[in-house]
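Notes follow the structure.
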Amino acid sequence: METEIKYFENLFTSFTIEQIGKEFDLIKIDMDTLVLNIELKSEDVGVEAI
6 METEIKYFEN LFTSFTIEQI GKEFDLIKID MDTLVLNIEL KSEDVGVEAI
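The opening position of the sequence shown corresponds to residue 6 in the numbering used here, with each subsequent residue numbered one higher.
Listed below in structure tokens is the structure:
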């Protein structure tokens, strides 16, 4: 499996927006297309919570 570096550009860990007091576990910000927020959980939260 070959992965291009571009998929990991603009990826931040433990990113905090101080104005709203929100922390994101993993967030990818791409000015052209999307904002992707990935929340990491240490236990099973069930399908309903996803």
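We put the CB at the ideal spot given by N, CA and C, even for glycine.
Through-space distance from residue j to residue i, alpha-carbon basis
{"i": "I32", "j": "A54", "result": "19 Å"}
{"i": "S19", "j": "I43", "result": "11 Å"}
{"i": "L39", "j": "K11", "result": "14 Å"}
{"i": "E23", "j": "F17", "result": "15 Å"}
{"i": "T21", "j": "E9", "result": "27 Å"}
{"i": "D49", "j": "E7", "result": "30 Å"}
7 Å CB neighbourhood of residue i in its chain, flanking five on each side removed
{"i": "N15", "result": "K33, I34, D35"}
Cβ-Cβ separation, residue j to residue i (assumed contact under 8 Å), whole Å
{"i": "D30", "j": "L45", "result": "4 Å"}
Same chain only: Cβ atoms within 6 Å of residue i, ignoring 5 sequence neighbours per side
{"i": "E28", "result": "T21"}
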